[in-house]
Amino acid sequence: MKDHIFYRFNFELDNILSDLSIENVRFVQDAVVDFKAKKSIELLEGTLLEPNLNSFILLEIDSSIDLCTPINSGNKKPKKVANNEEVKIDSFYVIPTLVEADCKISKKDYLGDKISYLKVFNILGVDVFSKYNINQYEVNIGLSNLSSGLYILKLYNKNGNELMTKKIVKK
Numbered sequence: 001m002k003d004h005i006f007y008r009f010n011f012e013l014d015n016i017l018s019d020l021s022i023e024n025v026r027f028v029q030d031a032v033v034d035f036k037a038k039k040s041i042e043l044l045e046g047t048l049l050e051p052n053l054n055s056f057i058l059l060e061i062d063s064s065i066d067l068c069t070p071i072n073s074g075n076k077k078p079k080k081v082a083n084n085e086e087v088k089i090d091s092f093y094v095i096p097t098l099v100e101a102d103c104k105i106s107k108k109d110y111l112g113d114k115i116s117y118l119k120v121f122n123i124l125g126v127d128v129f130s131k132y133n134i135n136q137y138e139v140n141i142g143l144s145n146l147s148s149g150l151y152i153l154k155l156y157n158k159n160g161n162e163l164m165t166k167k168i169v170k171k
């Protein structure tokens, strides 16, 4: 990827089979970036990652990516919308999303998958906090040890399927 400026688009590149090089590309303002490569993601000269509070950058290395993995693999399921029907986009509450020390995550309806474990990633995709063996519809987490900044919270069920991804800001 080379020589572009992106202000407000969502980019999701999963299953990059080898290396990803980004040169002289700017992801700023409302640009949401979620890239996953098998070997490496290299940020070359002129690349600027500068999201605002409404966006995030997640760069992840996953050596388990396989040539035969379908692009639509994962846990993102399309939502069917009927006429005049209210759709639940997110089945979890995260209170507050502007975190000073503690954060509460709760499932809205207490039905279906429980939270088995969770991870918090910094904007570079580094896992900075994890909590395992939760197996509840609700969990409190202490994030007082994290530096101020933007983080990505991911919840998983007992099978390792992602239940939710949410941006949180640490004061």
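Residue numbers (full-length UniProt numbering): 1 to 171.
We put the CB at the ideal spot given by N, CA and C, even for glycine.
The beta strand (DSSP E) with residue i in it runs from where to where?
| i | result |
| --- | --- |
| T165 | 162-170 |
| P96 | No beta strand (DSSP E) holds P96; DSSP gives it neither H nor E. |
| E23 | 19-29 |
| I5 | 2-6 |
Where does residue i land, buried or exposed, given buried means 16+ other C-beta within 10 angstroms?
| i | result |
| --- | --- |
| V126 | exposed |
| A101 | exposed |
| V169 | exposed |
Assign residue i to one of three DSSP states: helix, strand, or coil.
| i | result |
| --- | --- |
| N140 | strand |
| Y117 | strand |
| L53 | coil |
| S64 | coil |
| I152 | strand |
| S40 | strand |
| D109 | coil |
| S147 | coil |
| K131 | strand |
From the DSSP output, which residues share a beta bridge with residue i?
| i | result |
| --- | --- |
| E12 | D34 |
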